[in-house]
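Inspection log for the structure reproduced underneath, given as structure tokens.
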Amino acid sequence: MRRNVLSAAALACTAVLATAMPAFADDPSPVPDTTAAATDSAEQADGTGPSPVPSDRGASEATPAPAEDTDGVTVVPRGAPDTGDAPVAEQSGGDGLLIGGGAAAVLAAGGAAVFVVRRRASGA
Amino acid sequence: MTPFSRRAVVAAAVACLVTGCGGGADSDGPVATETPGNRSPAAAGSSVSRPSPLARSVPVGLEIPAIGVDTPVVRLGLAPDRTVEVPPITADDPAGWYRYSPTPGRPGPSVILGHVTVGAHGDGVFRHLARLRRDDGITVRLENGTAARFAVTSVRTVAKADFPTEDVYGDTARPELRLITCGGPLEDGEYRDNVIVFAALRATAP
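Protein sequences appear in the order of chains Y and B.
FYI, in our numbering the residues of the first sequence are 47 to 170.
FYI, in our numbering the residues of the second sequence are 22 to 227.
This is how it looks when you write it as structure tokens:
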């Protein structure tokens, strides 16, 4: 019986370690953040600074008069505005779900193993 | 001993499942495509006496007391793909006025955009835009020292795929205002919807 308890404890520890490893490995990766920031700043700079793609686009954008001089919208933009950069916690939400699901699966497997061991030990 | 250990294993598995599911259900926000308020902004307030339009002057500040907004306003143009530019993603992100729309207080729809969230910086300037209700006040300060005071006529949450271009950018006879941000649930790291506030000029100052 004591062996059963010990084996259950060992399985639980294994499950905790198995779920902790991916969590630790997931955190310290600064690479995506910097690339995202670079993209954002590039887009912003593109709108305010001189355009890297010269004459064609620049000419077409410069043609319409700013609406400061008219009443009504002089250039209707294409599509819907993208006015939300998702919070970091939301972006990693999928990872959290995966880790949680993995932990649940490992624990369930551990529980099944304990059950089998106990059944064998009791000779049923 | 036997029923206890079995219960312990089951309880641990259930707890793990609960925490795992909780990770993904953080704050999807309100379900989209709800339409609190009036859907036909042009009709609202038509019987109210109309203030005279203001002289053309670029907006420099925006106040929305109902949701605690008091922010500078920057100018926005078009992105290379011909979508509207958005304000910079910074800690204290400002709102942005679309420079190809009328200045606030002039006839037509003046368009101001702001972020709902700004990535690692947290909430954006328009985080609570969807909480606005009909008749809430909006004040836009202009570069020449005057101010245009608007009242909300409707708030709409619409799927980006069905963005109401004509309702937002179409001509209007009187001075109106559009405030735009993102909303709805996140899908692959992108907000599914836009929240659009329609407002009409209520007064001018000084």
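We treat Cβ as the ideally placed atom computed from N, Cα and C, and that holds for glycine.
Proximity to residue 213 (chain B) [Cα-Cα], best of Y:120, Y:118, Y:128, Y:123
Closest by C-alpha distance to residue 213 (chain B), out of Y:120, Y:118, Y:128, Y:123, is Y:128.
Task: 9 angstroms Cβ cut-off: residues of chain Y touching residue 184 (chain B) - done: 125, 126, 127, listed in chain order.
- Message: Assuming residue 199 (chain B) and residue 110 (chain B) are in contact, meaning their beta carbons sit under 8 angstroms apart, how far apart are those beta carbons, in whole angstroms?
- Response: Between residue 110 (chain B) and residue 199 (chain B) the Cβ distance is about 21 angstroms, and since that is not below 8 angstroms, they are no contact.
Mapping the DSSP letters down to three states, classify residue 188 (chain B) as helix, strand or coil. In the three-state scheme derived from DSSP, where H, G and I count as helix and E and B as strand, residue 188 (chain B) is classed as helix.
Q. Since residue 75 (chain B) sits in a beta bridge, which residues does DSSP pair it with?
A. By DSSP's assignment, residue 75 (chain B) forms no beta bridge with any residue.
Checklist line | Where residue 153 (chain B) falls: helix, strand or coil (DSSP) | finding: Taken through DSSP and simplified to helix, strand or coil, residue 153 (chain B) comes out as coil.
- Contacts of residue 132 (chain Y) in chain B (Cβ-Cβ under 8 angstroms): What residue 132 (chain Y) touches in chain B: 138, 140, 207, 210, 211, 212.
* **Inside the segment 71 to 136 of chain B only - beta strand (DSSP E) runs reaching at least 3 residues** => Qualifying beta strand (DSSP E) stretches, in chain order: 80 to 85, 90 to 97, 116 to 119, 129 to 134.
query = When DSSP builds the beta bridges, which residues end up paired with residue 219 (chain B)?
reply = BP columns for residue 219 (chain B) point to B:175, B:199.
Margin query: Given this structure, state the Cα-to-Cα distance separating residue 136 (chain B) from residue 165 (chain Y), to the nearest angstrom.
Written below: Put simply, the backbone Cα of residue 136 (chain B) is about 59 angstroms away from that of residue 165 (chain Y).
Next on the checklist: If we define contact as Cβ-Cβ less than 7 angstroms, is residue 166 (chain B) a contact residue for chain Y?
Outcome noted: Contact with chain Y is absent for residue 166 (chain B), since none of that chain's Cβ atoms lies less than 7 angstroms from the residue's Cβ.
**Prompt:** Is there a Cβ from chain Y that is less than 7 angstroms from the Cβ of residue 113 (chain B)?
**Reply:** At a cut-off of 7 angstroms between C-beta atoms, residue 113 (chain B) does not count as an interface residue with respect to chain Y.
If I follow the unbroken beta strand (DSSP E) through residue 160 (chain B), where does it start and stop?
Residues 158 to 163.
* Taking the CB atoms as reference points, tell me whether residue 216 (chain B) and residue 151 (chain B) lie closer together than 7 angstroms. => Going by C-beta atoms, residue 216 (chain B) is nearer than 7 angstroms to residue 151 (chain B).
Against residue 122 (chain Y), what residues of chain B qualify as contacts under a CB-to-CB distance less than 7 angstroms, listed in chain order? Within chain B, the residues near residue 122 (chain Y) are 186, 190.
Is it true that the CB of residue 159 (chain B) sits closer than 7 angstroms to the CB of residue 147 (chain B)? Residue 159 (chain B) is positioned such that its CB atom lies no closer than 7 angstroms to that of residue 147 (chain B).
Q: Within 10 angstroms of the Cβ of residue 108 (chain Y), are there 16 or more other Cβ atoms? Answer buried if so, exposed if not.
A: Residue placement at residue 108 (chain Y) is flagged as unreliable, the pLDDT there being 46, under the threshold of 50; the coordinate-derived value follows with that caveat. Residue environment for residue 108 (chain Y): exposed (fewer than 16 other C-beta atoms within 10 angstroms of its C-beta).
Exercise. Roughly how many angstroms separate the alpha carbons of residue 101 (chain B) and residue 123 (chain Y), rounded to a whole number?
Worked result: Going from the Cα of residue 101 (chain B) to the Cα of residue 123 (chain Y) covers about 11 angstroms.
**Prompt:** For residue 119 (chain B), which residues of its own chain have a beta-carbon under 7 angstroms away from its beta-carbon, when the five flanking residues on both sides are left out?
**Reply:** Result list for residue 119 (chain B): 97, 105, 132, 134, in chain order.
Q) What whole-angstrom Cβ distance do residue 161 (chain B) and residue 108 (chain B) have, given they're in contact under 8 angstroms? A) At roughly 15 angstroms, the Cβ-Cβ gap does not stay under 8 angstroms, so residue 161 (chain B) and residue 108 (chain B) are not in contact.
**Request:** Give a yes or no on whether the minimum CB-CB distance between residue 52 (chain B) and chain Y is below 7 angstroms.
**Result:** Interpretation of residue 52 (chain B) is limited by its pLDDT of 34, a score under 50 that renders its predicted location unreliable; the figure taken from the coordinates is listed afterwards. Not an interface residue.
| Using a Cβ-Cβ distance under 7 angstroms, would residue 162 (chain Y) count as near chain B? | It does not; no Cβ of chain B falls within 7 angstroms.
* Helix, strand or coil at residue 165 (chain Y) [DSSP, three-state] -> In this structure, residue 165 (chain Y) counts as helix in the three-state DSSP scheme.
What is the DSSP secondary structure of residue 159 (chain Y), counted as helix, strand or coil?
Looking at residue 159 (chain Y) - three-state DSSP - the assignment turns out to be helix.
Practice item. Name, in chain order, the residues that DSSP records as bridge partners for residue 204 (chain B). Key: In the DSSP assignment, residue 204 (chain B) forms a beta bridge with B:214.
On the criterion of 16 or more Cβ atoms from any shown chain inside 10 Å, does residue 116 (chain B) qualify as buried, or is it exposed?
Burial of residue 116 (chain B) is indicated by the presence of at least 16 other C-beta atoms within 10 angstroms of its C-beta.
**Item:** Which listed residue (B:93, B:142, B:189, B:71) has its alpha carbon closest to that of residue 177 (chain B)
**Value:** Among B:93, B:142, B:189, B:71, the Cα nearest to that of residue 177 (chain B) is on B:189.
Report the option in B:130, B:88, B:127, B:221 whose CA atom is closest to the CA atom of residue 144 (chain B).
-> The shortest C-alpha separation from residue 144 (chain B) is found at B:88.
| Is DSSP giving residue 128 (chain Y) helix, strand or coil here? | The answer is coil: DSSP assigns residue 128 (chain Y) none of H, G, I, E or B.
Would residue 195 (chain B) pass as a contact of residue 77 (chain B) if the rule is Cβ separation under 7 angstroms? By the CB criterion at 7 angstroms, residue 195 (chain B) and residue 77 (chain B) fall outside the cutoff.
### Nearest-angstrom Cβ-Cβ length linking residue 185 (chain B) and residue 128 (chain B), presumed shorter than 8 angstroms
Rounded, the Cβ-Cβ distance is 20 angstroms, inconsistent with contact.
Rounding to the nearest angstrom, what Cα-Cα distance links residue 1 (chain B) and residue 84 (chain B) in this structure?
Nothing can be reported for residue 1 (chain B), as the shown portion of chain B is limited to 22 through 227.
- Check whether the Cβ of residue 153 (chain B) lies closer than 7 angstroms to any Cβ atom in chain Y. Chain Y, which has no Cβ nearer than 7 angstroms to the Cβ of residue 153 (chain B), makes this no.
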